[in-house]
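K.L.:
Please see the structure below; I have some questions.
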Amino acid sequence: MNNNQANIKENNEYVQSHNNNIADDEIDLRELFAVIWQGKWLIIAITALFAVASVVYAINQPNIYKSEALLAPAEQEGGGGLSALAGQFGGLASLAGVNLGGGSSNKAQLAIEVLKSRQFTSDFIQMHNILPDLMAAKTWDMETNTVVYDSEMYDAQNNKWLREVEAPFKPEPSMQEAFKVFSKIISASTDKESGMVTVSVEHVSPSVAQQWVSWLIEDINKSMKERDVLEAVKSTDFLTQQLEQTKIADIRAVLYKLVEEQTKTIMFAKVRDEYVFKTIDAALVPEEKFKPKRALICVLGVLLGGMLSVMIVLIRHYVAKDKD
12 MNNNQANIKE NNEYVQSHNN NIADDEIDLR ELFAVIWQGK WLIIAITALF
62 AVASVVYAIN QPNIYKSEAL LAPAEQEGGG GLSALAGQFG GLASLAGVNL
112 GGGSSNKAQL AIEVLKSRQF TSDFIQMHNI LPDLMAAKTW DMETNTVVYD
162 SEMYDAQNNK WLREVEAPFK PEPSMQEAFK VFSKIISAST DKESGMVTVS
212 VEHVSPSVAQ QWVSWLIEDI NKSMKERDVL EAVKSTDFLT QQLEQTKIAD
262 IRAVLYKLVE EQTKTIMFAK VRDEYVFKTI DAALVPEEKF KPKRALICVL
312 GVLLGGMLSV MIVLIRHYVA KDKD
């Protein structure tokens with residue numbers, strides 16, 4: 012009997028304690044809302060300030076246009092003959108610098124990495140003289156279809172750089188600076204399922220973005236073609252020297268076959284402009300901006316201002332409460 016009374020007493024105490032905790036939570040919640048209500052004008056003021064700032068920031072951001080092209084890795088002809096020799100004469104071919112392995116997918120992936128390299132980017136910028144459009148472009152004049160440059164950085168009339176920088180930097184941006192900027196606006200990716208390659212460029216001018224994509228495709232095909240031709244010429248010279256030095260008929264037959272394959276590579280490269288990539292969907296001049304998302308910027312600004320203002324009101328209240 013005593014045990015039952017003790018258990019009932021413990022249960023009553025637990026229920027009473029639980030109810031008190033709920034009451035305390037309700038009181039704290041009511042107090043929280045009361046504090047927020049008391050500081051409503053501060054919350055409104057800070058939120059409105061952030062809203063105005065986000066609107067001003069969004070309006071002042073220039074439109075960015077994105078042009079892209081869809082490419083397919085070009086099939087590399089002449090690879091079959093070389094691959095057939097790989098198992099039996101791989102060592103001799105490697106000595107001659109002849110690549111017997113790897114298909115169009117490997118060459119396409121190599122081309123993408125070359126496209127993203129510092130050397131290719133530097134050559135691309137200098138060859139097409141696009142440094143002002145890359146580093147000093149401020150906005151785009153739709154009526155005249157021209158790029159408007161930042162007057163504090165670049166004088167377009169006199170072709171002179173005006174930016175103020177500290178050593179070791181110079182008024183004219185270096186290729187290292189240009190590479191950092193260029194790598195942010197260019198994208199080259201491969202679809203794992205289809206193997207298709209997408210090359211895109213973002214710029215304030217839609218015409219510039221489209222032109223750069225076209226130039227990139229043309230230049231990477233040309234660059235990879237020159238690499239393979241140079242390698243094939245060197246391999247042919249080596250194989251020719253070996254032919255002059257050996258009298259063994261079997262080895263001479265293999266060397267002749269390797270020379271034939273290198274000759275095919277050179278001929279194939281010279282007659283084909285789309286050497287690594289075939290254009291499936293060419294780059295167009297975009298009619299609609301890619302970014303910024305001005306509505307999203309404004310919404311995020313209002314939310315940030317609202318959360319920050321509520322935190323300020325609560326912190327002020329509890330700091331004052333602790334002092335009392």
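Just so you know, this note's numbering puts the end of the sequence shown at 335, numbered straight through with nothing missing.
Cβ atoms here follow ideal geometry from the backbone N, Cα and C, with glycine treated the same way.
On a predicted model such as this, the values are computed, not experimentally measured, just so you know.
Tell whether a beta-carbon distance below 9 Å holds between leucine 145 and glutamate 183.
P.N.:
Cβ distance not < 9 Å, so leucine 145 and glutamate 183 don't count as in contact.
K.L.:
Looking only at C-alpha atoms, which of Arg283, Glu79, Ala189, Glu163 sits nearest to glutamine 222?
P.N.:
It is Glu79.
K.L.:
Considering only residues of the same chain and omitting the five flanking positions on each side of isoleucine 2, which have a CB-CB separation below 6 Å?
P.N.:
Residue 2 lies beyond the range of the chain shown here (12 to 335); nothing can be said about it.
K.L.:
Output the residue ranges of the beta strand (DSSP E) runs that lie fully inside the segment 157-192 and measure 3 residues or longer, sorted by chain position.
P.N.:
If we require 3 residues or more, the beta strand (DSSP E) runs fully inside the segment 157-192 come out as 157-160.
K.L.:
Considering only DSSP beta bridges, list what leucine 81 is partnered with.
P.N.:
Its beta-bridge partners are Thr209, Asp292.
K.L.:
Following the continuous alpha helix (DSSP H) through isoleucine 54, name the residue where it begins and the one where it ends.
P.N.:
Segment 51-71, the alpha helix (DSSP H) holding isoleucine 54.
K.L.:
Verify whether the separation of the beta carbon atoms of lysine 77 and methionine 235 is less than 9 Å.
P.N.:
No, the Cβ-Cβ distance between lysine 77 and methionine 235 is not below 9 Å.
K.L.:
My parser needs the alpha helix (DSSP H) runs of 4 or more residues fully inside the segment 248-321; what are they?
P.N.:
Listed in chain order, the complete alpha helix (DSSP H) runs (minimum 4 residues) inside the segment 248-321 are 260-282.
K.L.:
Assuming threonine 201 is part of the beta strand (DSSP E), what are its boundary residues?
P.N.:
First-last of the beta strand (DSSP E) with threonine 201: 197-201.
K.L.:
CB-CB under 7 Å to aspartate 292, same chain, minus the five flanking residues each way: which ones, in chain order?
P.N.:
Cβ neighbours of aspartate 292 beyond the five flanking positions: Ala80, Leu81.
K.L.:
So which of Val159, Ile123, Pro73 has the shortest CA-CA distance to proline 84?
P.N.:
Cα-wise, what sits closest to proline 84 is Ile123.
K.L.:
If you drop the 5 nearest sequence neighbours on each side, which residues of the same chain put their C-beta closer than 8 Å to that of alanine 95?
P.N.:
Its pLDDT being 44, under 50, alanine 95 is placed unreliably in this model, and the value from its coordinates should be taken loosely. Closer than 8 Å at the Cβ level, and outside the excluded window around alanine 95, lies no residue.
K.L.:
Can you tell me whether isoleucine 217 is buried or exposed? The criterion is at least 16 other CB atoms within 10 Å of its CB, across all chains shown.
P.N.:
Checking the sequence, you will find proline at residue 217 rather than isoleucine. The residue in question, proline 217, is buried, as its Cβ has 16 or more Cβ neighbours within 10 Å.
K.L.:
Assuming contact is defined by CB atoms lying nearer than 9 Å, are threonine 336 and alanine 243 in contact in what I supplied?
P.N.:
Only positions 12 to 335 of the chain appear in the structure, and residue 336 is not among them; the question remains open.
K.L.:
Just checking, does the segment 299-314 make contact with the segment 253-263 on the three C-beta pairs under 8 Å criterion?
P.N.:
No, they do not touch.
K.L.:
By DSSP, does alanine 331 sit in helix, in strand, or in coil?
P.N.:
Looking at alanine 331 - three-state DSSP - the assignment turns out to be helix.
K.L.:
Return helix, strand or coil for threonine 155, following the three-state DSSP convention.
P.N.:
Threonine 155: coil per DSSP, three-state reduction.
K.L.:
In chain order, what residues of the same chain lie with their CB nearer than 8 Å to the CB of tyrosine 286, ignoring the 5 residues before and after it?
P.N.:
Closer than 8 Å at the Cβ level, and outside the excluded window around tyrosine 286, lie Ala85, Asn232, Lys233, Met235, Lys236, Asp239, Ala280.
K.L.:
When the Cα of glutamate 213 is compared with those of Arg327, Val63, Trp151, Lys181, which residue comes out closest?
P.N.:
Answer by Cα proximity: Trp151.
K.L.:
Measure the C-alpha to C-alpha separation of lysine 302 and leucine 269 and round it to an integer number of angstroms.
P.N.:
Roughly 52 Å separates the two Cα atoms.
K.L.:
Please state the DSSP three-state secondary structure of aspartate 75.
P.N.:
What sits at residue 75 in the sequence shown is isoleucine, not aspartate. The answer is strand: DSSP assigns isoleucine 75 an E or B state.
K.L.:
Just to confirm, is the Cβ distance from threonine 132 to alanine 189 under 9 Å?
P.N.:
Contact flag set, yes.
K.L.:
Less than 8 Å separating the Cβ of valine 265 from some heavy atom of the ligand GDP?
P.N.:
As presented, the structure is devoid of all ligands, the ligand GDP included, so that no description of it is given.
K.L.:
Given a cut-off of 9 Å on the beta-carbon distance, is the pair phenylalanine 135 and tryptophan 226 in contact?
P.N.:
Result yes, Cβ atoms of phenylalanine 135 and tryptophan 226 sit closer than 9 Å.
K.L.:
Starting from the C-beta of serine 194, find all residues in its chain whose C-beta is less than 8 Å away, skip the five residues before and the five after it, and write them out in chain order.
P.N.:
Cβ neighbours of serine 194 beyond the five flanking positions: Lys127, Thr132.
K.L.:
What's the call for glutamate 154, buried or exposed, on a 16-neighbour Cβ count within 10 Å?
P.N.:
The residue in question, glutamate 154, is exposed, as its Cβ has fewer than 16 Cβ neighbours within 10 Å.
K.L.:
How big is the Cα-Cα spacing for glutamate 271 and valine 159?
P.N.:
Their Cα atoms are separated by approximately 54 Å.
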